[in-house]
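The block underneath contains the structure these notes are about, expressed in structure tokens.
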Amino acid sequence: MLNQTIAIVDSGVSNIRGVNNVVLQLGFESLIAASPEDLIGVNKIILPGVGSFDAAISALKKADMVEAIQDQVHAGVHILGICLGMQLLVEGSAEGNESGLGIIQGFVNPIKKFAGLRIPHLGWNNVKIENSNPLVSEEMNLRFYFNHSFAISNIAPENSILSVNYGETFVAGIRRENTFGVQFHPEKSHNQGRQLVKRFLEY
Amino acid sequence: MSKAYQVCTRCIMDTTDPQISFEAQGFCNHCTGAIESLERTNSINVDIEALIKKIKVDSSKREYDAIVGISGGVDSSYLVHKLVGYGLRLLLVHVDAGWNTITAINNINRLVNTLDYELETIIIDWNTMRELQVTYLKSGVINQDVPQDHAFFASLYMCAIENNIKYIFSGTNIATESIGPSAWGQFAMDGRNLNAIYKSVSGKKIAKFPLFSIPSWYFNVYVAKNLEIINFLNYIPYSKSLAMKVLEEEYGWEDYGGKHRESSFTTYYQDIYLPERLGIDKRRMHLSSLIVLGDLDRETALQVVSKPAYSTIEADNLRRYIASKLSIEVTDLLAYEQLPLKSYLDYKNDLWFLNLVAKIAGWRRALFKLLKMPW
Amino acid sequence: MIWPRLIPILTIITDSVQKTTQFQNPVYVGDPLNSVTLFSQLNADELIVLDISRAHERPPMDQELISRIIEHANLPIGFGGGMRSLDDVKFVFDCGYDKVIIRTLATDLVTLGKIATHFGSQALTISLDIKYHPNGEHWSLIDHPEIADGAVIDFARKLVEAGVGEIVIQDVLREGTREGLRKSILIDNLVENLEIPVVLSGGCRSFTEAAEYIVDTRVHSIAGSQMFLYKQPRNALLLNYPTRKAWISSLSNGS
Chain A
966 MLNQTIAIVD
976 SGVSNIRGVN
986 NVVLQLGFES
996 LIAASPEDLI
1006 GVNKIILPGV
1016 GSFDAAISAL
1026 KKADMVEAIQ
1036 DQVHAGVHIL
1046 GICLGMQLLV
1056 EGSAEGNESG
1066 LGIIQGFVNP
1076 IKKFAGLRIP
1086 HLGWNNVKIE
1096 NSNPLVSEEM
1106 NLRFYFNHSF
1116 AISNIAPENS
1126 ILSVNYGETF
1136 VAGIRRENTF
1146 GVQFHPEKSH
1156 NQGRQLVKRF
1166 LEY
Chain B
47 MSKAYQVCTR
57 CIMDTTDPQI
67 SFEAQGFCNH
77 CTGAIESLER
87 TNSINVDIEA
97 LIKKIKVDSS
107 KREYDAIVGI
117 SGGVDSSYLV
127 HKLVGYGLRL
137 LLVHVDAGWN
147 TITAINNINR
157 LVNTLDYELE
167 TIIIDWNTMR
177 ELQVTYLKSG
187 VINQDVPQDH
197 AFFASLYMCA
207 IENNIKYIFS
217 GTNIATESIG
227 PSAWGQFAMD
237 GRNLNAIYKS
247 VSGKKIAKFP
257 LFSIPSWYFN
267 VYVAKNLEII
277 NFLNYIPYSK
287 SLAMKVLEEE
297 YGWEDYGGKH
307 RESSFTTYYQ
317 DIYLPERLGI
327 DKRRMHLSSL
337 IVLGDLDRET
347 ALQVVSKPAY
357 STIEADNLRR
367 YIASKLSIEV
377 TDLLAYEQLP
387 LKSYLDYKND
397 LWFLNLVAKI
407 AGWRRALFKL
417 LKMPW
Chain C
14 MIWPRLIPIL
24 TIITDSVQKT
34 TQFQNPVYVG
44 DPLNSVTLFS
54 QLNADELIVL
64 DISRAHERPP
74 MDQELISRII
84 EHANLPIGFG
94 GGMRSLDDVK
104 FVFDCGYDKV
114 IIRTLATDLV
124 TLGKIATHFG
134 SQALTISLDI
144 KYHPNGEHWS
154 LIDHPEIADG
164 AVIDFARKLV
174 EAGVGEIVIQ
184 DVLREGTREG
194 LRKSILIDNL
204 VENLEIPVVL
214 SGGCRSFTEA
224 AEYIVDTRVH
234 SIAGSQMFLY
244 KQPRNALLLN
254 YPTRKAWISS
264 LSNGS
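These protein sequences, in sequence, are chains A, B and C. Just so we're aligned, residue 966 is where the first sequence starts under my numbering, counting upward by one. Just so we're aligned, residue 47 is where the second sequence starts under my numbering, counting upward by one. Just so we're aligned, residue 14 is where the third sequence starts under my numbering, counting upward by one.
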């Protein structure tokens, strides 16, 4: 298990260092993947992301990483998208014009504004388990750190594993077979976040 | 090592201490000596009330009756707890050498928030501390905890002297420290030795660091008598497991497993450095002390030491953290762990002074015996 | 629901954490790696690291130090200090920080817009250093004294339009003084008029005071330094942070 290599995709606008830190803390080897060759033979892929949808997809396209990631996923490699990285896994976003990786059906829309609620959705919030999944269990502390203005909607119920409430309830975690995504930042969510990453890496 | 492996049949000390000796039943000199020490200590009936009264009278014109050095660990925390109720004006002093763990921080907070004593923190300059730790690693001496121990005690003494406080309560105790072979450690108070080791690697004398010499310590405690260190835990029944229970109940204090986990460097030193370097597992020492106290059974102790103190991942993480703190690479740290052994005696030191004092005390004792006078 | 955040601030001069009063008279605290790691283990909601070296005419934090001090931390961290260009900002994100806290560059709306487009609004926080006049009813930006009173609120709106995701109001005259958080019309106005989170820092004595202030003013979060570093009455260094339970309880009590 410890000889596994975890690829962390560098789309040029992602917070790879934070994810890299937690992967190393958990005792795994990591590899920063900037081109398709980097993904060959890896055991898991983590797709972080900050910034805008279009900037991220453009960067991935430029590096020929869009197909490379899709190929690995179809070959059965586990992938975890974080924050914008999760949003990239679906079909597209109202934030931009580009298409997403389209691995899971769904779309990204702005978080609905309610009176008195600030945008972005910034701070610690509790998630609810919608479908049982390998990333979290009921016994865990389910409080994680969020910082985003867009959220996934139009997703099939069986693909939603975690939800969160901020004015209304929206998706906080998605899954389809070997593809996972979380809207919050597990690498920045104390022990419980580290535990989630550990569960993904050991799954 | 030419000796065959042997482990004591009463405690769990073994031939990783090159100076260990065994008697017919297989009992070692450590637990034998420890039992004798404990009996001696238990038979000392210190009149605590009288001691407290003396302290109060002596300190009536001083700002505080006494200092208590605290680290967040079991000994010093329990010490403070036991002193409550005697009506002493205590100043709690914490020395921050940059290695505090979360458990140390949490436990000190719990103590200070619950009790009515004031806290003072003495901060050691980190750049100096870091440099000192690295020079010690490079020097090849065994006891890598001297920098922290010296910083702690020297700071306490200097704080007492500067603030005109005579009494220092220390958490040092026979009960949990009855077993400590001299091959494994060294008297940490030798400021001259520390400076010599520092200079041999860095090329300069240490600055921005609390330095105390053995002659200085002797002078202040025995000649000028403006410092008195009271090892209070030796005067009361002290069981570590009971102490922890009490601390948990009263303060929400947290047990962190093993001794000296309030410092991350000490954790590295005891769990990784010593076993790697010398095959010495300091847990043997601490657990053997508990066996002698009756606090732990031998079977359990053997089980504990049969497993490594740390898993490989934890060990890697700890090494990475220590290397990061010291601004060195993990490969450097691994190299220091394999250096040829040097003794602190290879460097300038003031041990001659202690030997001289002991000799003079010995002569006095002999002379007075001769003259049939009480010495 | 989102809980208000309680955010410790660590001010760093070159290579050590130092505590200032009104950003002056630095007092040595210690190793930044230790403080950052401890706040992470204390489960702090978020952390702000401010490099104030230049204000004290010292060389800024070096690049290796900026990334090293957060390697063992698992909490959200914002970095501020001396960023003058998009490249400076990119460097800070590459080191692993989640947000940049911009002060001097705040009036350069074009660059701010680029940062927001490239890295996202949620990663861009502006710190406004405010100087209050003794009567508390007038105020101005310390870096741009010509922007005062109502103009500060207009400026804040422009920042939001440019894509800024969060504003921290730094009450400089209260910083490190433990004189208490200041109630002011400025804060009320910003909270009323901006849809982004507004954070206040300056003078807070305790987390219970922070909770009361948040409940009274609906400010999003409170940041501070003194209260997380020192124990009174002797101002003894001892890092501390309330437990989750204590924080939630004080928010309930304050309402």
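Each residue gets a CB set at the ideal place from its N, CA and C atoms; glycine is no exception. Note that the structure is a prediction, hence the values are computed from the model and not measured.
### Query
Where does B/P261 sit, in a helix, a strand or coil, going by DSSP?
Helix.
### Query
Listing by chain order, which chain A residues have their CB less than 7 Å from the CB of C/W16?
G1088, W1089
#### Entry: Length-filtered (3 minimum) beta strand (DSSP E) runs lying within the segment 72-127 of chain C
Those beta strand (DSSP E) runs which fall completely within the segment 72-127 of chain C and span 3+ residues are 90-93, 112-115.
### Message
Is B/K371 close to chain C? Criterion is C-beta to C-beta, closer than 7 Å.
### Response
yes
### Message
Among the candidates B/S185, B/L136, B/W145, B/N146, whose CA atom is the shortest distance from the CA of B/E164?
### Response
B/L136
### Among A/Q1037, A/G1158, A/I1005, nearest to C/Q54 - alpha-carbon criterion
A/G1158
### Query
Name the DSSP beta bridge partners of C/V42, please?
Bridge partners of C/V42: none, in fact.
### Query
For chain C, is any of its Cβ atoms less than 7 Å away from the one on B/A229?
Low per-residue confidence applies at B/A229: pLDDT is 48, beneath 50, and the placement is therefore not dependable enough to give any value.
### Query
Along chain B, in chain order, which residues have C-beta atoms closer than 8 Å to that of A/G992?
Chain B residues near A/G992: T358, I359, D362, N363.
### Query
Helix, strand or coil: which one does DSSP assign to B/Y163?
coil
### Query
Where does A/P1122 fall in DSSP's three states?
helix
### Message
Would A/I1084 pass as an interface residue toward chain C - the criterion being a Cβ-Cβ separation below 7 Å?
### Response
yes
### Message
At the 7 Å Cβ level, is A/S1170 part of the contact set with chain C, yes or no?
### Response
No answer is possible for residue 1170 of chain A: it lies beyond the span of chain A, which begins at 966 and ends at 1168.
### Message
Suppose you measure from the CA of C/G178 to the CA of A/L1045; what does that come to, to the nearest Å?
### Response
26 Å
### Query
Quick one: does C/G237 have its CB under 7 Å from some CB of chain B?
Chain B, which has no Cβ nearer than 7 Å to the Cβ of C/G237, makes this no.
### Task
Output the boundary residues of the beta strand (DSSP E) element that contains B/F215.
213-215
### Query
Where in the segment 230-299 of chain B do unbroken runs of the beta strand (DSSP E), each at least 3 residues long, occur, reported from the N-terminal end onward?
274-276
### Task
Kindly list, in the order they appear in chain C, the residues whose Cβ is closer than 7 Å to that of B/T167.
A249, L250, L251
### Query
When we look at the beta-carbon of C/K112 and count the other beta-carbons within 10 Å, is it buried (16 or more) or exposed?
buried
### Task
Could you name the residues of chain C that B/I154 contacts, counting a contact when the two beta carbons are closer than 8 Å?
L251
### Message
Could you check whether the Cβ of C/H85 sits closer than 7 Å to any Cβ belonging to chain B?
### Response
yes
### Query
In the DSSP assignment, what residue or residues form a beta bridge with A/A1116?
A/N1074
#### Entry: Segment limits, beta strand (DSSP E) that includes A/V1007
That residue, A/V1007, is in no beta strand (DSSP E); it is neither H nor E in DSSP.
### Task
Could you tell me which residues DSSP puts in a beta bridge with C/Y4?
Because residue 4 of chain C is not part of the residues shown, which for chain C are 14 to 268, the question remains open.
### Message
Quick check: the segment 310-328 of chain B against the segment 348-356 of chain B, are at least 3 beta-carbon pairs closer than 8 Å?
### Response
yes
### Query
Using a C-beta cutoff of 7 Å, does A/A1020 count as contacting chain C?
yes
### Query
Are there three or more Cβ pairs, one per stretch, closer than 8 Å when the segment 203-223 of chain C is compared with the segment 184-195 of chain C?
Yes: the two stretches touch, three or more of their Cβ pairs being nearer than 8 Å.
### Pairwise C-alpha distance: B/D343 and B/V53
15 Å
### Message
Assuming C/L213 is part of the beta strand (DSSP E), what are its boundary residues?
### Response
Unbroken beta strand (DSSP E) run through C/L213: 211-214.
### Task
Using beta-carbon positions only, say whether B/I368 and C/G43 come within less than 7 Å of one another.
No, the pair does not count as a contact, with Cβ atoms beyond the cut-off.
### Task
Check each residue of the segment 26-47 of chain C: if its Cβ is closer than 8 Å to any Cβ of chain B, include it; give the result in chain order.
From the segment 26-47 of chain C, only D28, S29, Y41, V42, G43, D44, L46, N47 have a Cβ closer than 8 Å to chain B.
### Message
Please report the straight-line C-alpha distance between C/Q37 and C/T27, rounded to a whole angstrom.
### Response
15 Å
#### Entry: Rounded separation between C/L51 and C/I20 - CA only
14 Å
### Query
Which two residues bound the contiguous beta strand (DSSP E) that contains C/T34?
29-34
### Neighbour list for B/G408 in chain C, Cβ cutoff strictly below 8 Å
Listed along chain C is no residue with a C-beta nearer than 8 Å to that of B/G408; the closest approach is about 44 Å.
### Task
Return no unless some Cβ of chain C is closer than 7 Å to the Cβ of A/R1159.
yes
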